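Enquirer: Offset between the sequence shown (1-based) and my numbering: plus 62. Cβ coordinates follow ideal geometry from the N, Cα and C atoms, glycine included. Since the structure is predicted, the reported quantities are computational estimates derived from the model, not experimental observations. I have a structure I would like to understand better, so I am pasting it below and will then ask my questions one at a time.
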Amino acid sequence: MNKGRNLIVLMCCLLVLSLLTFLAKSRNTNKNAVVDDVRYVKVASNDNVTKYEFYFVEDFVMVGIMSTLEDGSKKINVSHRGDYIEETDEYEILDDYEYYYTVSGTTKDNAVVNHYLHEEYQDSTKDPHEYFTDEFFLTMVYGKDPFISFWQAVIVAAIAAVGGMIIGKSEELCVHFRKDKKEYPTWEEIGLYKKLGGGVLIIAAIVLIVFVII
63 MNKGRNLIVL MCCLLVLSLL TFLAKSRNTN KNAVVDDVRY VKVASNDNVT KYEFYFVEDF
123 VMVGIMSTLE DGSKKINVSH RGDYIEETDE YEILDDYEYY YTVSGTTKDN AVVNHYLHEE
183 YQDSTKDPHE YFTDEFFLTM VYGKDPFISF WQAVIVAAIA AVGGMIIGKS EELCVHFRKD
243 KKEYPTWEEI GLYKKLGGGV LIIAAIVLIV FVII
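Below, the structure is given as structure tokens:
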């Protein structure tokens, strides 16, 4: 019976670890996401150049070419996308957008987004953030933030592990803390420790929900 109980507890712990891994890693991608009402889709990649398409709620599309500069920063050049050309099986690329953007930094937290006017648009007064926000380009380069951080996952896993150990070792704990150690504890007494372990697991679930929300 103890083996079966321990196996169930082990399976529950593995399930919790799998869930935490998913929450900590699932959103860390820069291939496809929606940021501030604009969807970017990674369509091609070659050496240090990556091609994106930007889809807007106004039902028009732009093209972004991201390249790596000598200092390691990223340059994003944006162009307007034209009609589909059957002969080349590609879309026509029209004139450049007024601004191009650079993203520099080692992580998303310390990265900086700058914007520059192309030479032919030096007299433009258009807002550089009319279509794109800084968060949009940061997400393109570094990916979306995971639901929870690594240390948050560790905290939840530790609390859940304590709850699992209390449930798995409920009989041993009951015997150890029982005043009369000569008599074997009743199922009701053992059940109290199992409920305690279940309560700890509930606390772990609540902490996880709080981490995801914030």
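Inspect the beta-carbon positions of residue 221 and residue 262 and report whether they are closer than 9 Å.
Expert: yes
Enquirer: For the alpha helix (DSSP H) holding residue 154, just list the boundary residues, first then last.
Expert: First-last for residue 154: 152 to 166, but that is the beta strand (DSSP E), not the alpha helix (DSSP H).
Enquirer: How many angstroms separate the CA atom of residue 266 from the CA atom of residue 216?
Expert: 11 Å
Enquirer: So the beta strand (DSSP E) residue 130 belongs to, where does it begin and stop?
Expert: 123 to 130
Enquirer: What does a CB cutoff of less than 6 Å around residue 99 pick up in its chain, not counting 5 residues either side in sequence?
Expert: 119
Enquirer: With a CB to CB cut of under 6 Å and the five nearest residues on each side skipped, what residues in its chain are close to residue 63?
Expert: Reliability fails at residue 63, whose pLDDT of 47 lies under 50, so the model's placement of it is uncertain and no value is given.
Enquirer: Have a look at residue 103 and residue 272 and give me their C-alpha separation to the nearest angstrom.
Expert: 31 Å
Enquirer: Who are residue 115's beta bridge partners in DSSP?
Expert: 103, 125
Enquirer: Could you tell me if residue 146 is buried or exposed, where buried requires 16 or more neighbouring beta carbons within 10 angstroms of its beta carbon?
Expert: Answer is exposed; the Cβ neighbour count stays below 16.
Enquirer: Taking 8 Å as the cut-off, does the region 196 to 206 touch the region 169 to 185 (at least 3 CB pairs, one atom from each stretch)?
Expert: yes
Enquirer: What would DSSP say about residue 205, mapped onto helix, strand or coil?
Expert: coil
Enquirer: Under 9 Å, do residue 137 and residue 162 count as touching if we go by C-beta distance?
Expert: yes
Enquirer: In or out: residue 255 buried (at least 16 other Cβ within 10 Å) or exposed?
Expert: The residue is buried, with at least 16 neighbouring Cβ atoms inside 10 Å.
Enquirer: Using the three-state DSSP reduction, which class does residue 238 fall into: helix, strand or coil?
Expert: helix
Enquirer: Using a Cβ distance threshold of 8 Å, determine whether the region 190 to 199 contacts the region 223 to 231, with at least three qualifying pairs required.
Expert: no
Enquirer: Less than 8 Å between the CB atoms is what I'm expecting for residue 180 and residue 158, so what's the real figure, rounded?
Expert: 6 Å
Enquirer: How is residue 146 classed by DSSP in three states: helix, strand or coil?
Expert: The three-state secondary structure of residue 146, taken from DSSP, is strand.
Enquirer: Measure from the alpha carbon of residue 214 to the alpha carbon of each residue in 270, 207, 184, then state which is nearest.
Expert: 270
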